[in-house]
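Working notes, structure below.
Protein chains in written order, with my numbering: chain A, 12 to 241; chain B, 13 to 271.
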């Protein structure tokens, strides 16, 4: 792989993970983010499913992009995304059944997660399958680490544990009781307001970081193409 | 591979336009027909993909659902207590108001060496703090409750959710109070505050009350007819057992289909 291509892929990865982060910068797909991030296991499981859908959907759309007439591209994109999510939903039901019961409606709802369609329309429809799949995966992983952090913080504050429900994925594994068995939890962290508060704090932290880093790199142009929510 | 990547950097709108030069100049009707045809082809291809996945996952899904049901049942009735194929020995329960159910459900019958052991059935408490609470109950042939479990609820986390043993922090989970309770005695099905026998968590009485009432109602409805329910042939409809005024008569003939 020549250096130019590697640089292009590196750029896509950096944008997905940090500069144009789905959850912290674009603020897209917040419904599942807030609803499912009550524990690390739930958050990471749904995020992994989203990564898979984004990579597959972007790759498939990019591969078929010359066949899709411009006028009907949105229905075709939705068709592709919905079909892939349906297959994933069935697979979860068959092979990760207890997790399927926990994530429930949020797996089919990946179809309506606007970040998936946004990346397909904005990137995959104009680029090669490899770059598009990589972009989808990078955007998804950007969502994943934020969800993992948010889930971890909410679970730790709300119930004093980490990795509760890990036995749904690895049978026999035990969750960590970091704050002791007697810790009764701060209820608000588990309830929806806790998700908003913690996400707000994470966005603030990222903004502070960027603001502090900016004067040191005045030539850094990447922050310019990182607008808040579309 | 490197070719693939290079065109990410280049503007690609031109490439897309080049990909359909033969269309110029398309009539409006022609282009609509082409779009419709393509949409149809895409639909067919992706429907086929979903159909294949459905076929491939159907058996594993059925196995997972059955395993999950048996896991749940194991919480109210130890698997060692019976030796029949529990999921196959069912009768169809009508939507009894006493069970709080809105639609007919299956009632399972556990047996050991053909002898009745317990009835396993669902009930619903409509009056939880935030919506209905679904329960699974096991009623032994001698009229004793083997156990009750909450299988679905939306009670406040950390407050009313102690009715679910997975969330209950007490050393002896609250829900275990039901085990061994005699259902032929209709008294005492209330929290202590209301003059009953059941402990509860101060500040979250509503959840406990809903569960106790629902379990009491269900037990009172099924306990008197449990012999009749065991006598029904597998797969039959249990509605006649609950028909008002009709005392079920069992004969030797009815019992032979038991297991």
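No residue lacks a Cβ here, since even glycine has one placed at the ideal position from N, Cα and C.
Runs of alpha helix (DSSP H) with 4 or more residues, each lying fully within the stretch 93–155 of chain B, are absent.
Within the model, the alpha-carbon separation for residue 145 (chain B) versus residue 223 (chain B) is close to 7 Å.
Contact with chain A is absent for residue 224 (chain B), since none of that chain's Cβ atoms lies less than 8 Å from the residue's Cβ. With a 10 Å radius around the Cβ and a threshold of 16 neighbouring Cβ atoms, residue 88 (chain A) comes out buried. The stretch 147–166 of chain B makes contact with the stretch 126–138 of chain B; the number of CB pairs closer than 8 Å reaches 3 or more. Contact between residue 242 (chain B) and residue 121 (chain B) holds, since their C-beta atoms are separated by about 6 Å, short of 8 Å. A:150 is the residue among A:79, A:150, A:83 and A:107 whose C-alpha sits nearest the C-alpha of residue 36 (chain A). Only residues of its own chain outside the window of five on either side were considered, and among them 140, 141, 167, 172 and 175 have a CB closer than 7 Å to the CB of residue 219 (chain B), listed in chain order. Counting other Cβ atoms within 10 Å of its Cβ, residue 39 (chain B) stays below 16 and is therefore classed as exposed.
Of all residues in the stretch 40–54 of chain B, only 43, 46, 47, 50, 51 and 54 come within less than 8 Å of chain A when Cβ atoms are compared, listed by chain position. Contact between residue 96 (chain A) and residue 121 (chain A) holds, since their C-beta atoms are separated by about 5 Å, short of 8 Å. DSSP lists no bridge partner for residue 242 (chain B). Your pair residue 235 (chain B) and residue 188 (chain B) does not check out as a contact, with CB atoms roughly 20 Å apart and the cut at 8 Å. The beta carbon of residue 196 (chain A) sits closer than 8 Å to some beta carbon of chain B.
Interface annotation, residue 140 (chain B): not in contact with chain A, CB-CB separation never under 8 Å. Collapsing the DSSP output to three states places residue 193 (chain A) in coil.
A distance below 8 Å separates the beta carbons of residue 91 (chain A) and residue 72 (chain A). Looking at the backbone, the Cα of residue 49 (chain A) and that of residue 184 (chain B) are separated by about 26 Å.
Taking 8 Å as the threshold, the shortest C-beta distance from residue 123 (chain A) to chain B does not fall below it. Between the alpha carbons of residue 115 (chain A) and residue 106 (chain B) lies a gap of roughly 28 Å. Sixteen is the threshold: since fewer than 16 other Cβ atoms of the shown chains lie within 10 Å of the Cβ of residue 81 (chain A), the residue is exposed.
Residue 112 (chain A) and residue 164 (chain B) have their C-alpha atoms spaced approximately 11 Å apart. Of all residues in the stretch 166–180 of chain A, only 169 and 170 place a beta-carbon less than 9 Å from a beta-carbon of chain B.
Under the Cβ criterion (8 Å, minimum of three pairs), the stretch 125–140 of chain A does not count as touching the stretch 101–110 of chain A. Excluding sequence positions up to five before and after residue 78 (chain B), its CB lies within less than 7 Å of the CB of 99, all in the same chain and listed in chain order. Inter-segment contact for the stretch 43–58 of chain A and the stretch 157–176 of chain A is present: three or more beta-carbon pairs are separated by less than 8 Å.
Residue 161 (chain B) carries a strand assignment under DSSP once its states are collapsed to helix, strand and coil. By the beta-carbon neighbour count (other beta carbons within 10 angstroms, threshold 16), residue 97 (chain B) is exposed. DSSP places residue 172 (chain A) within a strand segment (E or B) once states are collapsed to three.
At least 8 Å separates the CB of residue 91 (chain B) from every CB of chain A. Below the 7 Å Cβ cutoff, chain B contributes no neighbours of residue 33 (chain A), its closest Cβ being approximately 20 Å away. With three or more CB-CB distances shorter than 8 Å, the stretch 189–201 of chain A counts as touching the stretch 169–176 of chain A.
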